[in-house]
Structure formats: C-alpha cells, structure tokens
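Numbering follows UniProt numbering, in which position 218 of the sequence shown is assigned residue number 218; successive positions increment by one, without gaps.
Each residue gets a CB set at the ideal place from its N, CA and C atoms; glycine is no exception.
Just so it is clear, the structure is predicted and the values come from calculations on it, not from any experiment.
Read the structure below first, then the notes.
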Amino acid sequence: MPSRRAVLRNGAGVAAALTASFVLPDVLGNAATAQDFPPISAPCKAPPALLGQAMVALDRHRHRIAFADRIAIADFGAPSFQPRLYLVDLRNGATVSFLVAHGKGSDPDHSGWVRRFSNDQGSLASSEGTFLTSDYYIGDHGVSQRLIGLDATNDNAESRAIVIHCAWYANPDILLSQPVLGRSDGCFVVGEAEIDLLFDRLGPGRMLFSAKIRGLTAGAWAALIRREG
C-alpha cells in the first residue's frame, strides 16, 4: 500500500490507487466464508463474547463483505485509555490492537467510557453495528476511509460522514498528560503513527464491527481484564 504521506504528496487518484492495491486472491475473496477459517486460537486478544457477535455479523452480511480473511472489532465496552480496536486475522487468530477514540455524543462528560450509541444526524455519537470499509479520500485529517453502515443502528454512517481517520487526540502519548483520549464527532479515530498500519491491513471491502458487552460496568470490565491477563 502507498504510505499515507506519499498519498498526501501525490493528491490525485487517491481512492482508485489505494483501493486497487487491496485486490486479494479468490481464495480469500468471495469464495471464502467465516466457516472456512479455523477456530480463533490463543493469540487473539479480542473479548470472546464480542468476537462471537462479530462472527455472527460477518455471516449475516457475507453477501456485502468482499473479504473475510481479516476483521476489525471496536470494543466500546472498554475505556478509551485501553487499546480496544482489534484487527483480527481469522486465518490464525493473530491480533493487532489500537487505541481508538469515540464520539463526543457517546460520552458527554468525557469520562473515557461510551455511555450511549446513536445513529442520529447531529448526535456526534459513535454507532454500534456492522460497517463495510469503503474507499479512501483526503479530508481535514489527511487520508481517511469511508464506512458503510449495514445495520439499522448505523445505516446513516455515510450521510453522517462517519469514517476512519487519525488525529493527535488519539495518539498514545496524550495519555501522559490526561487520563483518557480526546473525542471525535462519531468517527473511529486512531493515532497518527498507527493509521498506516491499520489501513494497510484492513483495506476496503472488509468488516468493522462496533459494539459493547451489555451490562458490563467499569468495575466489571476491570475485573475481566485482570482475570484474562
């Protein structure tokens, strides 16, 4: 994949060039389904309950999702000071995790926890559900990736301009000066040094699943992390 910096220098033809670079062999394309991959093994760090929900969503929307070799899971039951965006390779369970910011409307008190989801225009909130990663464009935050909402809980994603992008307020070093990440207008925002890796491995035509484990309080989440650690 061309680097984000190179794309910013070159400007024209961004979406076409980047999308074209993610063509995969048929064995990992439309011929594959979630059942074609072995059970997720020990390297996968995504919460098992959320991973199970994501696999159900992948099967439900398989006709819309071109590539089922890798998926992304945003665990919005976790706080923003923890890596909670998981990129999972379904072929072997290998996982890379990223810090990711949530929307202002989901956390009005800036506590670091998602309190609510919304699909409404102007809500500035994160949405839950299944997203299809789409094309790239250059916006206010550099190279960004459009998302298509596939569920009733997020089908306004395009009209709300909910995308993946990077920003300074999601950089890991911000946690040295404040307890939680900054907040977005509803977009999935990662650090400036992480965006190239995320785009390179996720690409267009894959699934991003956003959810939280219902009823999991901050205290229960901390206990779960201690037990799994």
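Inset, instruction - Using only alpha-carbon positions, find the residue among Pro179, Pro204, Ile174 and Ile138 that is nearest to Pro79. - result: Pro179
Inset, instruction - Mind checking which residues open and close the alpha helix (DSSP H) that includes Arg84? - result: No alpha helix (DSSP H) contains Arg84, which DSSP labels as neither H nor E.
Inset, instruction - On a CA-only basis, which of Glu192, Ser177, Asp109 and Ala57 is nearest Val100? Give me that one, please. - result: Glu192
Legend entry - Counterpart residues of Cys187 in DSSP-defined beta bridges: Answer by DSSP bridge pairing: none, since Cys187 is not bridged.
Inset, instruction - Spell out the partners DSSP gives Ser144 in its beta bridges. - result: Tyr137
Inset, instruction - Using 10 angstroms around the beta-carbon of His63, count the other beta-carbons present and answer buried if the total reaches 16, otherwise exposed. - result: exposed
Inset, instruction - For the beta strand (DSSP E) containing Asp75, list its first residue and its last residue. - result: Arg70 to Asp75
Inset, instruction - For Arg160, count neighbouring Cβ atoms within 10 angstroms of its own Cβ and tell me buried if that reaches 16, exposed if not. - result: buried
Inset, instruction - Please confirm whether Ile125 and Gly103 have their CB atoms less than 8 angstroms apart. - result: At residue 125 the sequence reads Ala, which differs from the Ile that was named. Yes; because the gap between Cβ atoms is below 8 angstroms, this pair is in contact.
Legend entry - For Val100, the first and last residue of its enclosing alpha helix (DSSP H): Unbroken run through Val100: none, as it is neither H nor E.
Inset, instruction - Classify Leu176 as helix, strand or coil using the three-state DSSP reduction. - result: helix
Legend entry - Gly149 - DSSP class collapsed to helix/strand/coil: strand
Inset, instruction - Assess, as a yes-or-no matter, whether the region 202-214 is touched by the region 129-147 under the definition of 3 or more beta carbon pairs within less than 8 angstroms. - result: yes
Legend entry - Neighbourhood of Ile213 by C-beta distance below 7 angstroms, restricted to the same chain and skipping five residues each side: Pro47, Ala49, Leu50 and Gly77
Inset, instruction - Can you grab the Cα-Cα spacing for the pair Asp185 / Asp155, in whole Å? - result: 16 angstroms
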